[in-house]
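Trainee: Mind looking over this structure? Questions follow.
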């Protein structure tokens with residue numbers, strides 16, 4: 001399994017499929033005596049793995065989730081390989097759940113949960129080694145299982161709805177190939193023309209036409225720009241391509257890291273033929289692909305979303321040139337600071353109203369807090385996303401533009417459904433800075449129903 005995960009990557013420095021023959025250690029220091037954790041010496045690894053395998057196959061009254069939590073800790077503690085221990089350890093969680101009949105397929109992946117809480121994850125593992133703090137580690141592990149199970153359940157429901165939508169949309173097409181191709185995307189959402197031709201057993205030209213139709217319909221997005229860039233040659237001044245110098249092979253997942261996406265963002269920004277909103281769109285496609293790779297276990301972390309990776313991207317609100325100027329960092333900071341202060345003052349003023357105050361005074365204070373937190377949430381949405389004002393607010397002259405409702409927001413997944421200029425509903429991502437103002441505003445508003453408008457007019 002380790003051989004399949006790492007074979008052909010990192011120039012075989014990881015010795016895919018081979019137990020390590022040297023002493024390694026974990027920590028940012030180059031000296032083993034200063035390491036945060038030192039795994040067992042190489043000569044002890046075979047016996048330790050044999051003991052772990054024996055335990056994993058024993059019948060026990062201990063709940064399977066607890067046992068898997070123990071096994072994961074022990075595997076990471078042994079650290080049997082030079083590289084890929086974390087990846088393989090997380091994969092074992094899903095495989096053990098499947099083996100014991102808790103999952104029909106290895107659908108549950110904890111990679112995104114652990115990576116989002118990397119420091120906490122490592123701290124809990126070390127706390128077991130140093131203090132025997134099993135309880136806190138197992139609680140953390142179980143919370144991760146619950147969180148990822150809930151997320152997988154929600155994603156499955158969304159995929160079922162999407163599949164039904166696509167089926168209704170394309171079943172009346174004259175060609176059955178288009179429906180079959182769309183249905184195959186639920187098995188593998190990334191493909192090229194040759195792959196589609198093989199799937200459908202059709203000519204290249206037919207597959208190319210079908211893919212073109214799905215691109216026009218907004219179902220497929222082209223990633224060729226990123227693929228070509230990763231396979232490029234490195235120049236002295238332009239860091240293009242991800243395969244090290246002097247190595248003759250195609251890029252692989254293990255070549256991708258945070259720096260890859262940072263340099264790709266810089267590459268897009270430096271292309272003077274691209275508009276700002278186009279740069280943002282291209283990067284959003286790659287970021288979505290990166291998230292899929294994390295969920296599938298190909299990547300250890302969502303490198304494309306990390307702050308240093310997105311740093312080179314232009315400060316843009318998604319508007320086309322001529323619509324409105326993009327917000328400069330100075331403008332954004334000044335305006336968000338203003339609405340932050342206004343919302344903070346209004347909320348504090350409401351708290352200071354005495355319980356025995358006149359109902360009108362209480363109502364007035366509540367109204368001001370709602371108004372201030374509403375304005376703050378709206379400003380943050382416009383400042384940090386590519387969503388336009390017309391996509392958020394109700395237009396009395398256009399019944400299709402009913403405005404965003406609370407049912408359109410998913411503050412846990414960080415997304416909002418908006419009615420785009422192309423006259424169709426589409427999901428837009430909500431970055432972290434937007435989530436907190438929206439949650440605070442919802443708490444003040446306390447909408448009576450999920451169909452309540454997010455930004456009602458009180459003025």
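Numbering (full-length UniProt numbering), first residue to last: 1 to 459.
Beta carbons: idealized from backbone N, C-alpha and C, even for Gly.
As the structure is a prediction and not an experimental result, all values here were calculated from the model.
Below 8 Å on the Cβ atoms is my guess for residue 467 versus residue 120; work out the distance and round it to an integer in Å.
Mentor: It is not possible to answer for residue 467, since the shown part of the chain is limited to 1 through 459.
Trainee: When DSSP labels each residue in this structure, what does residue 169 get in the three-state scheme?
Mentor: helix
Trainee: Tell whether a beta-carbon distance below 8 Å holds between residue 375 and residue 339.
Mentor: yes
Trainee: Under DSSP, the beta strand (DSSP E) around residue 417 begins and ends at which residues?
Mentor: 415-419
Trainee: Would the C-beta of residue 250 count as close to the ligand MG, meaning under 7 Å from any of its heavy atoms?
Mentor: For the ligand MG, the structure offers nothing, since it holds no ligand at all.
Trainee: Tell me whether the beta-carbon of residue 48 lies closer than 8 Å to the beta-carbon of residue 93.
Mentor: no
Trainee: Using 10 angstroms around the beta-carbon of residue 425, count the other beta-carbons present and answer buried if the total reaches 16, otherwise exposed.
Mentor: exposed
Trainee: Identify every residue that forms a DSSP beta bridge with residue 85.
Mentor: DSSP, once it has assigned bridges, lists no residue as partnering residue 85.
Trainee: Mind checking which residues open and close the beta strand (DSSP E) that includes residue 429?
Mentor: 425-429
Trainee: For the alpha helix (DSSP H) holding residue 251, just list the boundary residues, first then last.
Mentor: It is not in any alpha helix (DSSP H) - residue 251 carries neither H nor E in the DSSP assignment.
Trainee: Just checking my contact of residue 173 with residue 179 at CB under 8 Å: how many whole Å lie between their CB atoms?
Mentor: 6 Å
Trainee: Between residue 456 and residue 16, what straight-line distance do the alpha-carbon atoms span, to the nearest angstrom?
Mentor: For residue 456 and residue 16, the distance between alpha carbons rounds to 58 Å.
Trainee: Out of 369, 428, 215, 337, state which residue places its alpha-carbon closest to the alpha-carbon of residue 352.
Mentor: 369
Trainee: To the nearest angstrom, how far is it from the Cα of residue 163 to the Cα of residue 189?
Mentor: 12 Å
Trainee: With a cut-off of 8 Å, do at least 3 Cβ pairs link the stretch 386-396 to the stretch 342-351?
Mentor: no
Trainee: Give the DSSP bridge partners of residue 26, in chain order.
Mentor: 37
Trainee: Rounded to whole angstroms, how far is the Cβ of residue 268 from the Cβ of residue 279, which I believe are closer than 8 Å?
Mentor: 5 Å
Trainee: Starting from the Cα of residue 27, find the closest Cα among 112, 123, 19, 21 and give me that residue.
Mentor: Ranking 112, 123, 19, 21 by Cα distance to residue 27 puts 123 first.
Trainee: Tell whether a beta-carbon distance below 8 Å holds between residue 290 and residue 261.
Mentor: In contact: residue 290 and residue 261 (Cβ atoms closer than 8 Å).
Trainee: Taking only three categories from DSSP, how would you classify residue 433?
Mentor: helix
Trainee: What first and last residue would you give for the alpha helix (DSSP H) that runs through residue 46?
Mentor: 45-56
Trainee: Would you call residue 226 buried or exposed, if buried means 16 or more other Cβ atoms sit within 10 Å of its Cβ?
Mentor: Buried: at least 16 other Cβ atoms inside 10 Å.
Trainee: Cβ atoms of residue 137 and residue 69: under 8 Å apart, would you say?
Mentor: yes
Trainee: Which residues does DSSP list as the beta-bridge partners of residue 409?
Mentor: The partner list for residue 409 (beta bridge, DSSP) reads 416.
Trainee: Please identify the residue among 126, 354, 389, 380 whose C-alpha is closest to the C-alpha of residue 440.
Mentor: Nearest option by C-alpha distance: 380.
Trainee: Measuring alpha carbon to alpha carbon, tell me which residue in 361, 307, 210, 91 is nearest residue 185.
Mentor: 210
Trainee: Once you ignore the five residues that flank residue 193 on each side, which residues in its own chain have a CB closer than 7 Å to its CB?
Mentor: Excluding positions up to five away in sequence, the list reads 204, 207, 208, 211.
Trainee: Pair every Cβ in the stretch 412-420 with every Cβ in the stretch 346-364, then say whether three or more of these pairs are closer than 8 Å.
Mentor: no
Trainee: Can you find the residues in the same chain that come closer than 7 Å, C-beta to C-beta, to residue 66, ignoring five residues on each side of it along the sequence?
Mentor: 138
Trainee: Taking just the CA atoms, how far does residue 76 sit from residue 50?
Mentor: 15 Å
Trainee: Less than 8 Å between the C-beta atoms of residue 367 and residue 434, yes or no?
Mentor: For residue 367 and residue 434, no; Cβs fall outside 8 Å.
Trainee: Within a Cβ cutoff of 6 Å, which residues of the same chain sit near residue 161, ignoring the five residues on either side of it in sequence?
Mentor: none
Trainee: To which residues of the same chain is residue 447 closer than 7 Å at the C-beta, ignoring the five residues directly before and after it?
Mentor: By the criterion of a C-beta distance shorter than 7 Å, residue 447 is surrounded in its chain by 406, once the five residues flanking it on both sides are discounted.
Trainee: Ordered along the chain, which non-local residues of its own chain (more than five positions away) have a Cβ less than 7 Å from that of residue 202?
Mentor: 177
Trainee: According to DSSP, residue 453 sits in a beta bridge with which residue or residues?
Mentor: 405
Trainee: Using CA coordinates, which residue listed in 354, 43, 153, 74 is at the minimum distance from residue 103?
Mentor: Taking only the C-alpha atoms, the option nearest residue 103 is 153.
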